[in-house]
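A.B. asks: Handing you a structure now.
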Amino acid sequence: MFFIILFIAHIQSVIIPIILAFKSINNFKQLSNYNFIPFGFLSIGFASIFEIIDHTYTDWIYVNHSTKWNWLFYSFLSLGLTLLSISITSKKRIIFINSFFCLGVISSYWIYGKSAALIFQALISLYLIINWTKKFKDWIIFAYPVFGILLTTTFGSNLDLTSNQIWHIFIGPSGSISVLTFYFVLKRSKHYY
369 MFFIILFIAH IQSVIIPIIL AFKSINNFKQ LSNYNFIPFG FLSIGFASIF EIIDHTYTDW
429 IYVNHSTKWN WLFYSFLSLG LTLLSISITS KKRIIFINSF FCLGVISSYW IYGKSAALIF
489 QALISLYLII NWTKKFKDWI IFAYPVFGIL LTTTFGSNLD LTSNQIWHIF IGPSGSISVL
549 TFYFVLKRSK HYY
């Protein structure tokens, strides 16, 4: 029974972003780079697919390790967040900085380790929060740092420290709530722009 719940928790983190990607095609034209939005959601869905593949090598038991699948998870998650971040701006400086941080995640994972990649990913998230808050002025965006950063990090840390797999179940749904947050902010923005 636990395995079924764990699998559902992971598969929904693939399905939700992919559905949002399709719903975003040719939508949100009020934004500078709206064509990046579907690719942002799609990248997050692909990240979850790579995480699922990684789990098949550990019999679905969470292991804090570095593998090509884990690297692809972080790379595509960072790419998705970067694309969402730059989808709302035409400022070349912001696009460059976000792209630099994304490349930092992708390259530093193997050179300096997962911890270095996570620093770059934190910078991507920080820029995303700042840019989306300035652009949309929508309080709902603060659900992203709560669910996508605070809770997923807390659940992941508890999982890593205790090895109690129950924490594993909560990470995917918490991340999906943060992805839904982006979509709701985008939907609400259509009424203001």
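Sequential numbering from 369 applies to the sequence shown in the numbering used here.
We put the CB at the ideal spot given by N, CA and C, even for glycine.
All values derive from a computational prediction rather than experimental measurement.
1. Would the region 477 to 485 count as touching the region 528 to 545 if we require 3 or more Cβ pairs under 8 Å?
2. Quick check on the burial criterion: 16 or more other C-beta atoms within 10 angstroms. Buried or exposed for serine 518?
3. Which value, in whole angstroms, describes the spacing of the CA atoms of asparagine 394 and asparagine 401?
4. Identify which residue in Leu445, Leu494, Tyr495, Phe464 has its Cα closest to the Cα of glycine 540.
5. Alpha carbons only, please: which of Leu410, Ile373, Lys558 is nearest the one belonging to valine 547?
6. Relative to the alpha-carbon of threonine 426, which residue among Phe371, Leu494, Val553 has its alpha-carbon at the smallest distance?
7. To the nearest angstrom, report how far apart threonine 520 and serine 416 are at their CA atoms.
8. Between which two residues does the alpha helix (DSSP H) harbouring glutamine 489 extend?
9. Is it the case that the region 492 to 510 contacts the region 542 to 556, given that we only count it when at least three CB pairs across the two stretches are under 8 Å?
10. Which word fits serine 453, buried or exposed, when buried means at least 16 other C-beta atoms lie within 10 angstroms of its C-beta?
11. Provide the residue span of the alpha helix (DSSP H) that contains aspartate 528, from first to last.
12. According to DSSP, simplified to helix, strand and coil, what is aspartate 422?
13. Pairing CB atoms from the region 486 to 494 with CB atoms from the region 467 to 477, are three or more of them under 8 Å?
C.D. replies: According to the structure data:
1. Between the region 477 to 485 and the region 528 to 545 there are fewer than three C-beta pairs closer than 8 Å, too few to call the two in contact.
2. Along the sequence shown, one-based indexing puts residue 518 at 150. Correcting the residue type first, residue 518 is leucine in the shown sequence and not serine. Exposed: under 16 other Cβ atoms inside 10 Å.
3. By 1-based counting over the sequence shown, the position of residue 394 is 26. By 1-based counting over the sequence shown, the position of residue 401 is 33. CA-CA distance, asparagine 394 to asparagine 401, rounds to 11 Å.
4. Looking up residue 540 in the sequence shown gives position 172. Closest in C-alpha terms to glycine 540, from the list Leu445, Leu494, Tyr495, Phe464, comes Leu445.
5. The count along the sequence shown starts at 1 and reaches residue 547 at position 179. Check the Cα spacing between valine 547 and each of Leu410, Ile373, Lys558: the tightest is with Leu410.
6. The sequence position of residue 426 within the sequence shown is 58, counting from 1. The shortest Cα separation from threonine 426 among Phe371, Leu494, Val553 belongs to Phe371.
7. As a first step, residue 520 is located in the sequence shown; it is residue number 152 there, counting from the start. As a first step, residue 416 is located in the sequence shown; it is residue number 48 there, counting from the start. When rounded, the distance between both Cα atoms is 14 Å.
8. In the sequence shown, counting from the first residue as 1, residue 489 sits at position 121. In the DSSP assignment, glutamine 489 falls within the alpha helix (DSSP H) that extends over 482 to 504.
9. By the C-beta criterion, the region 542 to 556 is judged to be in contact with the region 492 to 510, since at least 3 inter-stretch pairs fall below 8 Å.
10. The sequence position of residue 453 within the sequence shown is 85, counting from 1. Burial of serine 453 is indicated by the presence of at least 16 other C-beta atoms within 10 angstroms of its C-beta.
11. What you label residue 528 is simply residue 160 of the sequence shown in a count that begins at 1. Its alpha helix (DSSP H) spans residues 520 to 530.
12. If you number the sequence shown from 1, residue 422 lands on position 54. Here aspartate 422 sits in helix by DSSP.
13. The way I'd put it, the region 486 to 494 does touch the region 467 to 477; three or more beta-carbon pairs between them come closer than 8 Å.
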